[in-house]
Amino acid sequence: MAKSGYVPNAGNLVWLQFSPQAGHEQAGHRPAAVLTQTEYNRASGMMICMPMTTQIKGYPFLVPIASAKPSAALADQVKSVD
Numbered sequence: 001m002a003k004s005g006y007v008p009n010a011g012n013l014v015w016l017q018f019s020p021q022a023g024h025e026q027a028g029h030r031p032a033a034v035l036t037q038t039e040y041n042r043a044s045g046m047m048i049c050m051p052m053t054t055q056i057k058g059y060p061f062l063v064p065i066a067s068a069k070p071s072a073a074l075a076d077q078v079k080s081v082d
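Under UniProt numbering, think of the first position of the sequence shown as 1, with each following residue one higher.
Dropping the structure here:
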């Protein structure tokens, strides 16, 4: 994780760069939903998150996210980020 002093908490939405990626994984600069608690993130220097999309297609692995624009987290693309 960046050394800015900010430590995300579970439920936060953060912007990340997901490129490069392989196959059908989400790529590019996009929001992500943080899954891990602040304590884990601070102690490990990492966080676990799911990339988000605004292309809601009704797949069973999409987790709706309340935001200004209809969005969903991709539960089948969980990532660890350091």
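Beta carbons are placed, not taken as given, at the ideal position from N, Cα and C, and that holds for glycine.
Assuming residue i contacts residue j (C-beta within less than 8 Å), just tell me the rounded distance between them.
i, j, result
"L74", "T53", "6 Å"
What are the boundary residues of the alpha helix (DSSP H) that residue i is part of?
i, result
"A68", "Per DSSP, A68 belongs to no alpha helix (DSSP H) and is neither H nor E."
"residue 86", "Because the chain is modelled from 1 through 82, residue 86 falls outside the range shown and cannot be assessed."
In whole angstroms, what separates the C-alpha of residue i from that of residue j?
i, j, result
"V81", "I48", "6 Å"
"V63", "A72", "5 Å"
"A68", "Y59", "21 Å"
"I56", "G45", "32 Å"
Between which two residues does the beta strand (DSSP E) containing residue i stretch?
i, result
"K79", "K79 to V81"
"Q55", "Here Q55 belongs to no beta strand (DSSP E), and DSSP marks it neither H nor E."
"A33", "H29 to V34"
"Q17", "L13 to Q17"
Handout entry: Cβ pair count under 8 Å reaching 3, the stretch 37-50 against the stretch 4-15
Key = yes
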